[in-house]
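In our numbering, the protein residues as written are 4 to 273.
Here the structure comes first, spelled out in structure tokens, and everything after it is commentary.
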Ligand SMILES: C[S@@+](CC[C@H](N)C(=O)[O-])C[C@H]1O[C@@H](n2cnc3c(N)ncnc32)[C@H](O)[C@@H]1O
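What follows is the structure, given as structure tokens:
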């Protein structure tokens, strides 16, 4: 589950805690925090997404959605036990300031979890070969294709691009399952999955191409943010490809080494 792969917080780190999400959207992660027994699962979002989120989860006794800008938060410093944000800050004008706001509203015992886009590089093996650099090149061309389309789609009337995602992307989604024919979809703005439901292709196409701001990071960039914020026990999660996900703690705790050692299948090409 995405929540676990990007944060890896234990049950005790959520149960009976006051937990806030920055950029909660329709509330899919607030849903998890609420079900895992948070005292309060609070979602902050600047848009009317909070209304949709209330429709989805408003009947839960431990859920609150607040329509607010996380650059001007209506909460005092140290209000929350834990704070997290997944897939949001890289779309804001000043992600590092947003991150510092997140660390400030967490109390002296709390956890801060962040997941943002990783710089898009072909996940190449260590060994250099002609085949590897050719794949690098194709990867870069695809990045160029995405940015070329985004230049136009991020300037389109919102309703028009929504209609595109709703009615045209499902066609591309199914074409993408047919061998050879599947390459047709690269002629259009599209993020399509062969093994995930059609809704994921629709949502992620919208997410990737409608957005005006996209920052991408290396793990070491975000690690520096955590250090600057004086967080301890910083863990770089072995999450999904394409994401940089870290958790840090306001207070230094005994480091649970075994929890984070990942059995590695070995690095290809070494
Ligand atoms: C890509 S969605 C992610 C939603 C959720 N984290 C998820 O993955 O389902 C990003 C959300 O962040 C919200 N957002 C962006 N900037 C914000 C800001 N300055 N303050 C509060 N919410 C913001 C957007 O309105 C949007 O709902």
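The beta carbon of each residue, even a glycine, is placed where N, CA and C say it ideally should be.
Residue span of the alpha helix (DSSP H) that contains residue i, given as start and end
{"i": "residue 141", "result": "133-156"}
{"i": "residue 104", "result": "98-107"}
{"i": "residue 161", "result": "161-166"}
{"i": "residue 201", "result": "201-213"}
{"i": "residue 178", "result": "172-178"}
{"i": "residue 261", "result": "260-263"}
heavy atom of ligand 1 below 8 Å from residue i C-beta
{"i": "residue 66", "result": "no"}
{"i": "residue 31", "result": "yes"}
{"i": "residue 94", "result": "yes"}
{"i": "residue 157", "result": "no"}
{"i": "residue 1", "result": "With the chain running from 4 to 273 in the structure shown, residue 1 is simply not present."}
{"i": "residue 52", "result": "yes"}
{"i": "residue 22", "result": "no"}
{"i": "residue 15", "result": "no"}
{"i": "residue 210", "result": "yes"}
{"i": "residue 172", "result": "no"}
{"i": "residue 48", "result": "yes"}
{"i": "residue 89", "result": "yes"}
{"i": "residue 101", "result": "yes"}
{"i": "residue 25", "result": "yes"}
{"i": "residue 162", "result": "no"}
{"i": "residue 61", "result": "no"}
{"i": "residue 28", "result": "yes"}
Reference residue i; option with closest CA among the options
{"i": "residue 56", "options": "28, 36, 135, 42", "result": "28"}
{"i": "residue 256", "options": "111, 39, 211, 213", "result": "111"}
{"i": "residue 74", "options": "239, 96, 202", "result": "96"}
{"i": "residue 207", "options": "185, 169, 236, 240", "result": "169"}
{"i": "residue 149", "options": "192, 13, 38", "result": "192"}
{"i": "residue 4", "options": "20, 36, 15", "result": "36"}
{"i": "residue 159", "options": "116, 209, 175, 199", "result": "209"}
{"i": "residue 240", "options": "104, 231, 232, 225", "result": "225"}
{"i": "residue 24", "options": "215, 252, 46, 165", "result": "46"}
{"i": "residue 245", "options": "216, 194, 119, 238", "result": "119"}
{"i": "residue 65", "options": "87, 20, 106", "result": "20"}
{"i": "residue 211", "options": "195, 222, 199", "result": "195"}
{"i": "residue 167", "options": "145, 205, 40", "result": "205"}
{"i": "residue 175", "options": "155, 249, 161, 203", "result": "203"}
{"i": "residue 151", "options": "138, 190, 140, 186", "result": "190"}
{"i": "residue 117", "options": "263, 11, 213, 260", "result": "11"}
{"i": "residue 229", "options": "216, 52, 252", "result": "252"}
Three-way DSSP call (helix, strand, coil) for residue i in this model
{"i": "residue 43", "result": "strand"}
{"i": "residue 220", "result": "strand"}
{"i": "residue 111", "result": "strand"}
{"i": "residue 31", "result": "helix"}
{"i": "residue 6", "result": "helix"}
{"i": "residue 226", "result": "helix"}
{"i": "residue 55", "result": "helix"}
{"i": "residue 75", "result": "coil"}
{"i": "residue 36", "result": "helix"}
{"i": "residue 273", "result": "Here residue 273 scores only 35 on pLDDT, less than 50, and its place in the model is too uncertain to base an answer on."}
{"i": "residue 196", "result": "coil"}
{"i": "residue 189", "result": "helix"}
{"i": "residue 268", "result": "Confidence at residue 268 is low in this model, with a pLDDT of 48, below 50, so the placement of that residue is unreliable and no value is reported for it."}
{"i": "residue 123", "result": "coil"}
Strand pairing of residue i, partner residues [DSSP]
{"i": "residue 118", "result": "89, 248"}
{"i": "residue 48", "result": "70"}
{"i": "residue 24", "result": "46, 87"}
{"i": "residue 239", "result": "249"}
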